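In full-length UniProt numbering, the protein residues as written are 4 to 323.
Structure record follows, encoded as structure tokens.
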Ligand code: AVI
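Here it is, written out as structure tokens:
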């Protein structure tokens with residue numbers, strides 16, 4: 004039955020996040036309207052993202068895992084043993100074990116804004132790596148934070164796979180890289196995944212798959228607005244679109260109104276004309292040159308870079 008504890012948990016979890024409300028209302032007030040991609044990842048959105056990573060068109064996840072597998076002996080050589088691994092985003096349970104198996108770390112520091120996510124993944128990794136000290140940090144890693152005392156003088160290795168850096172516009176990406184540098188310190192290493200520029204048709208397909216999973220992921224943002232912010236957004240009136248923006252070297256995801264629409268969010272009225280769009284995500288793609296440039300603007304010097312044979316994705320090792 005429903006224990007009182009359960010009821011309390013349900014209340015806590017459905018309480019609207021004021022930052023989400025602000026992100027949505029401020030974003031829709033912009034011209035053109037744009038809502039930051041971080042708001043995709045509620046429970047449903049995180050599950051849809053997991054489903055995306057299995058799609059035939061979505062190459063980044065499996066390609067990066069392939070690079071980690073193939074290049075691990077070289078990565079281990081370049082990184083050396085005894086590092087404190089700081090894993091930004093609490094760890095992909097597919098990628099982190101490859102790294103921890105490969106490099107003989109001294110300790111593992113997963114960092115995530117969600118304590119629930121952090122504890123769940125730490126529990127899995129504790130079982131998988133029984134001898135490895137794990138020191139989770141609940142923090143917003145877009146800002147510098149203090150490393151746990153256990154890190155001590157161990158040399159540091161930041162791990163930021165997935166090309167998540169690509170979801171930030173360059174000024175924000177540079178800020179994030181600088182903040183990593185502040186947290187990890189001079190002399191630290193950073194292993195970072197960055198997706199590559201390629202045939203636009205393949206890029207668009209990766210973000211507009213035939214099964215429509217990415218479309219559901221995109222539209223889930225509107226459903227989340229309706230669920231959590233008392234929205235009346237007519238979700239079916241919005242079409243998912245993935246566009247390649249060549250001059251800014253990025254895939255953009257949009258939700259395009261298929262007719263004139265009116266709706267309310269948090270009691271506030273909005274209207275959009277047919278054809279108008281809400282810009283929901285950027286996913287920047289890099290060349291070898293632009294990835295080096297971005298990293299160096301963020302205070303990191305590229306030491307090594309690995310790619311898959313087709314050059315679809317890259318894993319870079321940089322030094323602060
Ligand atoms: C999380 N991030 C790196 C993904 C990407 O490819 O930009 C998010 C995503 N959006 C649509 N498909 C995947």
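For each residue, glycine too, the CB sits at the ideal point set by N, CA and C.
Keep in mind that this is a model prediction, so the values were computed, not measured.
Cβ-heavy atom distance, residue i to the ligand AVI, below 8 Å
i	result
residue 198	yes
residue 99	no
residue 250	no
residue 324	The chain is shown only over 4 to 323; residue 324 falls outside these bounds and no answer can be derived.
residue 170	yes
residue 63	yes
residue 284	yes
residue 167	yes
residue 163	no
residue 54	no
residue 210	yes
residue 220	yes
residue 47	no
residue 186	no
residue 66	no
residue 189	no
residue 290	no
residue 308	no
residue 145	no
residue 40	yes
residue 217	yes
Integer-rounded CB distance, given that residue j should sit under 8 Å from residue i
i	j	result
residue 320	residue 81	6 Å
residue 145	residue 117	Not confirmed; about 14 Å, so no contact.
residue 128	residue 137	6 Å
residue 301	residue 180	2 Å
residue 110	residue 139	Between residue 139 and residue 110 the Cβ distance is about 11 Å, and since that is not below 8 Å, they are no contact.
residue 317	residue 308	6 Å
residue 101	residue 72	6 Å
residue 260	residue 277	6 Å
residue 84	residue 107	4 Å
Environment of residue i [buried if 16+ CB atoms lie within 10 Å]
i	result
residue 169	buried
residue 13	Residue confidence for residue 13 is low, a pLDDT of 46 falling below 50, so the modelled location carries little weight; the figure read from the coordinates is stated next. Burial call: exposed.
residue 184	buried
residue 87	buried
residue 205	exposed
residue 267	exposed
residue 161	buried
residue 304	exposed
residue 239	exposed
residue 115	buried
residue 253	buried
residue 143	exposed
residue 8	Note that residue 8 scores 48 on pLDDT, short of 50, meaning its location in the model is unreliable and no value can be drawn from it.
residue 194	buried
residue 313	exposed
residue 272	exposed
residue 225	buried
residue 270	exposed
residue 290	exposed
residue 306	exposed
residue 130	exposed
residue 216	buried
residue 248	exposed
residue 4	Summary for residue 4: the model assigns pLDDT 34, below 50, so the residue's position carries little reliability, and this model does not support an answer.
Cross-strand partners of residue i (DSSP beta bridge)
i	result
residue 44	None; residue 44 has no bridge partner.
residue 248	253
residue 287	253
residue 266	273
residue 113	90
residue 60	In DSSP, residue 60 forms no bridge with anything.
residue 72	Paired residue(s): none; residue 72 is not in a bridge.
residue 198	316
residue 325	In the structure as shown, the chain begins at 4 and stops at 323. Residue 325 is therefore absent and cannot be evaluated.
residue 281	258
residue 220	Looking at the DSSP assignment, residue 220 forms no beta bridge with any residue, so it has no partner.
residue 304	322
residue 161	89, 193
residue 242	259
residue 226	Partner(s): none; residue 226 has no beta bridge.
residue 137	111
Residue-chain proximity (residue i, chain E), Cβ-Cβ < 9 Å
i	result
residue 271	Annotation note: the requested chain E is absent from the structure, which comprises a single protein chain.
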